[in-house]
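Remember, this note's numbering sits 9 above the position in the sequence shown when you count from 1.
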Amino acid sequence: MITNRKKLLIVDDSEIDREILKNILGDEFQIIEAYNGYDGLEIILKREEHLDGILLDVSMPVLDGFSVLRVMRENNIKYIPVFLITAEATKDNVVRAAEYNVSEFIVKPFERDKVLKRIYYKLGIVSNQELAEKDIEEINTYIYITNGSCL
């Protein structure tokens with residue numbers, strides 16, 4: 010079956026979190042799942058040209074999210090937008106994410122509208138004008154670095 014839906018890879022060791030994200034995203038996107046960073050990396054390395062985005066949990070056994078990002082960088086895979094999934098967007102995580110050009114943080118617990126808006130925006134499905142100012146400010150708070158310091 011041929012589909013024009015964008016393809017997202019969800020890499021998260023929590024089956025519940027993967028199910029929640031599939032429920033939020035499944036009508037709009039084609040979803041591929043990986044149960045840990047190692048399995049996710051295998052998919053990324055084999056099919057990177059086919060992935061439109063990656064939702065990557067920070068804390069996982071076997072291989073954590075930052076280790077996956079490091080291997081992606083070592084393999085020059087930097088054109089796939091990565092959305093880090095975390096329960097807390099700490100300053101340390103934000104700084105580390107910026108080193109890997111992470112597109113966005115998606116914070117747990119997941120809020121359907123926020124998850125969709127962030128992914129739509131970063132994948133070019135909606136423009137800046139279509140996002141509320143408050144949403145844009147919140148997005149920028151999590152990830153952007155200005156003059157070497159976190160906002």
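Just so you know, even glycine gets a beta-carbon here, dropped at the ideal spot from N, CA and C.
Is residue i buried or exposed, if buried means 16 or more other CB atoms sit within 10 Å of its CB?
i: Ala96; result: exposed
i: Tyr88; result: exposed
i: Ile94; result: buried
i: Ala106; result: buried
i: Asn13; result: exposed
i: Gly62; result: buried
i: Ile25; result: exposed
i: Glu113; result: buried
i: Gly133; result: exposed
i: Val169; result: The structure shown has nothing for residue 169, since the chain only spans 10 to 160.
i: Val71; result: exposed
i: Arg127; result: buried
i: Thr155; result: Caution applies to Thr155, whose pLDDT of 38 falls short of 50 and renders its modelled position unreliable; the value that the coordinates give is listed next. By the neighbour-count rule (16 or more Cβ atoms within 10 Å), Thr155 is not buried but exposed.
i: Arg27; result: buried
Taking 8 Å as the line, does the beta carbon of residue i fall inside it for any heavy atom of the ligand SAM?
i: Asn45; result: The model on display carries no ligand, and the ligand SAM is accordingly not part of it.
Grab the span of the alpha helix (DSSP H) containing residue i for me, first residue to last.
i: Val103; result: 100-108
i: Tyr88; result: Note, Tyr88: premise wrong, no alpha helix (DSSP H); not H, not E.
i: Asp122; result: 121-131
Identify the residues that DSSP records as bridge partners of residue i: which are they?
i: Asp26; result: Asp26 pairs with nothing; no bridge assigned.
i: Val20; result: Ala43, Leu65
i: Val116; result: Thr95
Just to check my reading of the structure: residue i and residue j have Cβ atoms closer than 8 Å, yes? What is that Cβ distance to the nearest angstrom?
i: Leu65; j: Val104; result: Wrong, their Cβ atoms sit about 17 Å apart, outside the cutoff.
i: Ile33; j: Leu18; result: At roughly 15 Å, the Cβ-Cβ gap does not stay under 8 Å, so Ile33 and Leu18 are not in contact.
i: Gly46; j: Asp73; result: 6 Å
Could you give the residue range of the beta strand (DSSP E) that holds residue i?
i: Leu93; result: 91-95
i: Val71; result: Val71 -> no beta strand (DSSP E), and no H or E assigned at all.
Return the chain-ordered list of same chain residues with a C-beta closer than 6 Å to the C-beta of residue i, the five sequence neighbours on each side being excluded.
i: Leu78; result: Tyr109
i: Lys117; result: Ala96
Near residue i, which residues of its chain fall below 7 Å by C-beta distance, leaving aside the five closest residues on each side in sequence?
i: Tyr44; result: Asp22
i: Leu54; result: Asn84
i: Ile52; result: Leu18, Ile41, Ala43
Using C-beta distances below 8 Å, list every residue in its chain close to residue i, excluding the 5 sequence neighbours before and after it, in chain order.
i: Val124; result: Leu30, Ile33, Leu34, Ile115
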